[in-house]
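Quick note on numbering: the sequence shown equals residues 153 to 233 in this note's numbering. Glycine included, every Cβ here is placed at the ideal spot set by N, Cα and C.
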Amino acid sequence: MSSEYQTTETLDVKGLSCPMPIVKTKQAIDDLDADDVLEVVSTDSGSMSDIQGWAEGTDGVELLDQVEGDDLYTHYVKKTA
Numbered sequence: 153m154s155s156e157y158q159t160t161e162t163l164d165v166k167g168l169s170c171p172m173p174i175v176k177t178k179q180a181i182d183d184l185d186a187d188d189v190l191e192v193v194s195t196d197s198g199s200m201s202d203i204q205g206w207a208e209g210t211d212g213v214e215l216l217d218q219v220e221g222d223d224l225y226t227h228y229v230k231k232t233a
């Protein structure tokens with residue numbers, strides 16, 4: 153799936169539960185440049201709604217896609233500013 157998006161970095165937050173996937177995602181996004189795409193890989197099913205809600209309420213980021221499969225939840229977050 154990452155071939156659909158030109159990911160700049162992959163963040164592995166497998167095994168972490170809320171709120172750590174969001175905390176780590178924010179830290180990683182802060183280190184990226186505008187238009188970079190962060191791929192976040194999680195095992196926490198709650199990350200689907202958590203990252204979506206975070207992206208919707210956060211200026212400068214856009215949630216491009218979320219993919220659920222085989223106990224892995226993959227999120228593609230773009231830094232827009």
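Return the first residue and the last residue of the alpha helix (DSSP H) that residue i is part of.
| i | result |
| --- | --- |
| threonine 177 | 172 to 182 |
| glutamine 204 | 199 to 208 |
Quick check: residue i and residue j, are their CB atoms within less than 8 Å of each other?
| i | j | result |
| --- | --- | --- |
| threonine 177 | valine 192 | yes |
| cysteine 170 | glycine 205 | no |
| threonine 195 | aspartate 223 | yes |
| valine 213 | threonine 232 | yes |
Does DSSP classify residue i as helix, strand or coil?
| i | result |
| --- | --- |
| aspartate 187 | coil |
Thinking residue i and residue j are a contact (beta carbons under 8 Å), I'd like their distance in whole angstroms, please.
| i | j | result |
| --- | --- | --- |
| tyrosine 228 | tyrosine 157 | 5 Å |
Going by DSSP, what residue range makes up the beta strand (DSSP E) through residue i?
| i | result |
| --- | --- |
| glycine 221 | 213 to 221 |
| tyrosine 228 | 224 to 231 |
| leucine 163 | 161 to 164 |
Quick one: is residue i near chain D, going by C-beta distance under 8 Å?
| i | result |
| --- | --- |
| valine 175 | This model lacks chain D altogether, as it is built from one protein chain only. |
With DSSP as the reference, please indicate the residues paired to residue i in a beta bridge.
| i | result |
| --- | --- |
| serine 169 | Looking at the DSSP assignment, serine 169 forms no beta bridge with any residue, so it has no partner. |
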